[in-house]
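So the structure is just underneath, and the comments pick up after that.
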Amino acid sequence: MTKMQFLRLLCAALAIVPLAGCGDGRSTSDAGVVHLQVWSMWSGDEERSFEAVLAEYHKEHPGVVVDNLGAVTDEKSVRAIIAGAPPDLFTITDPSYLGTLAANNALEPLDGQFEAAGFKDQDFTPGALDECRYQGRLYAMPYLMDCIALLYNKDVFKDAGLDPNKPPRTYDELVEDCRKITRRDAEGRLTRIGLHPVEISPALLMSMFDGRFIDERGRITADDPNNIEGVTAYMRLMDAQGGYPAVQSFASGFGANTGAFNPFFHGDVGMLISGEWNAYTAFRYSPGTHYGVVALPYPGNHPNRAGLVWLADNPFCIPRGSKHAREAWEFLKWTQTPLAQKMLASTLHNVPNLRSELHDKDLIADPPFVAKSPKDVDPNSWRPLYGKFLALADSPTATGFPTMPVASMYAKELSNVYDSVGYGTKKPAEALAAIDVRVQREMDKYQ
Amino acid sequence: MRRSERRAVLTGLMFVSPWLIGFLIFTLYPVIASGYLSFTDYRVLAPPRWVGMANYHSLVIDHDYFLPSLWDTIFMFLELPLSLIMGLALALLLDQKLRGIAVYRTLFYLPSIVPVVSSAVLWMWVLNPEHGLINSVLHSMHIPGPAWLASPAWAKPAMILMDLWGVGGGMVIYLAALQGVPTSLYEAADLDGANGWKKIRYVTIPSISPVIFFNLIMGVIGTFQYFTQTYIMTNGGPNNSTLFYAIYLYQNAFQYFRMGTACAMAWILFLITLVATFVVFKSSARWVYYEGETR
Chain U
2 MTKMQFLRLL CAALAIVPLA GCGDGRSTSD AGVVHLQVWS MWSGDEERSF EAVLAEYHKE
62 HPGVVVDNLG AVTDEKSVRA IIAGAPPDLF TITDPSYLGT LAANNALEPL DGQFEAAGFK
122 DQDFTPGALD ECRYQGRLYA MPYLMDCIAL LYNKDVFKDA GLDPNKPPRT YDELVEDCRK
182 ITRRDAEGRL TRIGLHPVEI SPALLMSMFD GRFIDERGRI TADDPNNIEG VTAYMRLMDA
242 QGGYPAVQSF ASGFGANTGA FNPFFHGDVG MLISGEWNAY TAFRYSPGTH YGVVALPYPG
302 NHPNRAGLVW LADNPFCIPR GSKHAREAWE FLKWTQTPLA QKMLASTLHN VPNLRSELHD
362 KDLIADPPFV AKSPKDVDPN SWRPLYGKFL ALADSPTATG FPTMPVASMY AKELSNVYDS
422 VGYGTKKPAE ALAAIDVRVQ REMDKYQ
Chain R
138 MRRSERRAVL TGLMFVSPWL IGFLIFTLYP VIASGYLSFT DYRVLAPPRW VGMANYHSLV
198 IDHDYFLPSL WDTIFMFLEL PLSLIMGLAL ALLLDQKLRG IAVYRTLFYL PSIVPVVSSA
258 VLWMWVLNPE HGLINSVLHS MHIPGPAWLA SPAWAKPAMI LMDLWGVGGG MVIYLAALQG
318 VPTSLYEAAD LDGANGWKKI RYVTIPSISP VIFFNLIMGV IGTFQYFTQT YIMTNGGPNN
378 STLFYAIYLY QNAFQYFRMG TACAMAWILF LITLVATFVV FKSSARWVYY EGETR
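First to last, the sequence lines map onto chains U and R. Per the numbering used here, the first sequence runs over residues 2 to 448. Per the numbering used here, the second sequence runs over residues 138 to 432.
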């Protein structure tokens, strides 16, 4: 072999080596054991909780190993689907992606399996399946869900001269309570406000006012009169706490809501519109503070909205091209058993999507606790508050954002409404009408 | 071409093939594909559909997002002269022959080696209207500080302020250029009775003008692509005041599944950058001096 020939061979070899790594290393079946690839949204402690559930599943189904990849973002899953290399099963973090994926034929419909498994709609927590359906067909199964309601800090209520056992029931009461909770320092700067302004999304607020986002014919209704009323009412709430810019400035000093720096746990805000996981995080990060939770306040002129909570699923989808669609469905079916629901709910502190589990004593009971030393803390003391969330979730008026192909853009457009109205760029009706036109234009592409 | 020459060319190509293949697959193909996709309605999950100029047309009449995003980006060009002047001024100061000058140079250069993401996170705290360093200092002097990143009026200036903290990167290039200015020119200026400022104006600046030119071109291109700081700090808010061109492009491509529109935006941005760079290049004949150049 001449030197030249050798070099050419070397070049050719170097060019081929990287390609060898591109083989299909996923979804291997060895010795009859199926490896089910699941991509999930959870990370950290939550990932460990999910993996404990998967271990239990493997114990009951020795023929299947569920390989979990945690902390997967929706963008990653979408890219994998486009590339034709999807996992067997994946979760959606932002439920607004479901409509887009379903409308583009990227997900396996599950209606046949749902029926064959003997599932009935009424067995599910109200609203749990709505987010999994697109145009009447089922494209996902929930494995637990979030229930968003109004949390309030009883100690802050007491400090502001309010009755800690009388949280606001109506929207007007909410505005008044916020006004009374709001505090300023000697120079007029805000030091405490009534309601954390970040978590109350325009979509959630509009549903409090019985607003609609899309009509029966599939037309976008961003400028529904009730939506406009909602945005106007939100500005009234901001004015009661010092005005929109002042509240935004104050809130930009807040830490992240997910951990110990949540301003709600520090009494910087009196109320928080948020989900059931706070029952446990409050216990963990601010033990000893007294909290309560009630349904979202309803406007006096919309009494039909009493008892409203906002729901968001943890949806699991089987992508088109899943190599083990059958095994994936078997796993999803198992997640709907009382054991699977209870197991994850007690560690993830989310709401079971199986209606019967909402009142399960194992989840919500706070057994008597005797402290052996003053340092001992009742490890179950978060459960009563969590139980209230579960009771609220069993509500006929539970609602969420409708599934539609343009939901992601629609939600983002809506989230800009507060800013454009609050900073005086636009009037509510004007801002919402503009959104209507833009989102409808995108929606038309799907007709 | 003779047989042996052809062999030589082939061998040469094979040697550069790792780069060549990478260039063709990862650079040239995406560039051409994005050109094609900009004329389609491409929702990523479904095959692209030809729509002609529709994407371009809907962009140039979009007064809610596209055009404001372009104006907001152009606002950031304020940063360019500021960073040029500050970088140059710092370089001149650090060009003095003082004891421990290396320490000063290191201190001023240090911020520019902090990764953009880390410095953005750091500055979110510095600029925090409630607990931030800047507002605490202002407060102690009884000056009410602005809400910075939480205010539509102050968010862009806040980012410019933050970027000027990292001016050391440009400074180091000026500093290197200053070493190359011939001392004979300064001596000649001394003999002619030039004072300090005149020496800077008529000797230093013309001598290092190619480096100023280089920093200016890089600044123009970088400003049009302004992305990371905003993505970390404000994600376009408040009230879309920092929804810069690149951020809006990113949202269209990866959040709204409007890849066709995003590709059209990328090509518009390419053309704008091309024109802006061309203008700067054309103007350079008037003010950039290359040693040994004859006019």
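Ideal Cβ positions, reconstructed from N, Cα and C, are used throughout, including at glycine.
- Across the region 78 to 105 of chain U, CB contacts with chain R closer than 8 Å involve V79, I82, I83, T101, L102 and N105, in sequence order along the chain.
- Chain U has no Cβ within less than 8 Å of the Cβ of G149/R.
- Contact annotation for N417/U against chain R: N377 [CB-CB distance below 7 Å, chain order].
- Under the Cβ distance rule, P205/R does not count among the residues neighbouring chain U, no pair being separated by less than 8 Å.
- Rounded to whole angstroms, the separation of the alpha carbons of V357/R and L221/R is 12 Å.
- Around the Cβ of T101/U, a 10 Å sphere holds 16 or more other Cβ atoms; the residue is buried.
- Relative to the Cα of L151/U, the nearest Cα in the group T171/U, L139/U and M142/U belongs to T171/U.
- Short of 6 Å from the beta carbon of A257/R, and not among the five residues preceding or following it, lie these beta carbons of its own chain, in chain order: Q366, I369 and M370.
- Collapsing the DSSP output to three states places G271/U in a strand.
- N265, P266, E267 and H268: these are the residues of the region 259 to 270 of chain R whose beta carbon lies less than 7 Å from some beta carbon of chain U, given in chain order.
- About 22 Å separates the beta carbon of V352/U from that of M207/U, a gap too long to meet the 8 Å contact definition.
- Against chain R, the CB of D420/U has a partner CB under 8 Å away; the residue lies at that interface.
- With fewer than 16 other Cβ atoms inside 10 Å of its own Cβ, L340/U counts as exposed.
- Y424/U reaches chain R at P289, P375 and N376, counting residues in chain order whose Cβ is nearer than 8 Å.
- Taking V418/U as reference, the option from L227/R, N376/R, R236/R and Q233/R with the minimal CA-CA separation is N376/R.
- Cβ atoms of P143/U and A129/U come within 8 Å of each other, at about 5 Å.
- If you keep only unbroken alpha helix (DSSP H) runs of at least 4 residues inside the region 375 to 418 of chain U, you get 384 to 394 and 408 to 416.
- Against A183/R, the close residues of chain U are N105, in the order they occur along the chain (beta-carbon pairs closer than 7 Å).
- The beta carbons of E200/U and I274/U sit closer together than 8 Å.
- The shortest CA-to-CA distance from R186/R to any of I211/R, L207/R, F176/R and A284/R is the one to F176/R.
- By the beta-carbon neighbour count (other beta carbons within 10 angstroms, threshold 16), Y166/R is exposed.
- About 6 Å separates the beta carbon of T210/R from that of F361/R, a gap short enough to meet the 8 Å contact definition.
- Within chain U, the residues S253 have their CB atoms less than 9 Å from the CB of L286/R, given in chain order.
- Taking every protein chain shown into account, the CB of F381/R has 16 or more other CB atoms within 10 angstroms, so this residue is buried.
- Residues A228, L231, D232 and R242 of the same chain have their beta carbon placed closer than 8 Å to that of L312/R, with the five preceding and five following residues left out of the count.
- Taking C-alpha positions only, D211/U is separated from L99/U by approximately 23 Å.
- Under the rule that a run must span 4 or more residues, the alpha helix (DSSP H) segments found entirely inside the region 37 to 65 of chain U read 45 to 61.
- For V199/U, no alpha helix (DSSP H) encloses it, and the DSSP letter there is neither H nor E.
- The beta carbon of D178/R sits closer than 8 Å to some beta carbon of chain U.
- Annotation: L196/U to A432/U spans about 24 Å, alpha carbon to alpha carbon.
- Shown in chain order are the members of the region 370 to 404 of chain R whose Cβ falls below 8 Å from a Cβ of chain U: G374, P375, N376, N377, Q388, F391, Q392, Y393, F394 and R395.
- Excluding its 5 nearest sequence neighbours in each direction, D156/U has C-beta neighbours in its own chain below 8 Å: P165, G268, T290 and H291, listed in chain order.
- In terms of Cβ geometry, F317/U and T92/U form a close pair [threshold 8 Å].
- For D300/R, no CB of chain U lies under 8 Å from its own CB, so it is not counted at the interface with that chain.
- Here the C-alpha atom of K373/U lies approximately 10 Å from the C-alpha atom of D379/U.
- Going by DSSP, G293/U is part of the beta strand (DSSP E) stretching over Y292 to V295.
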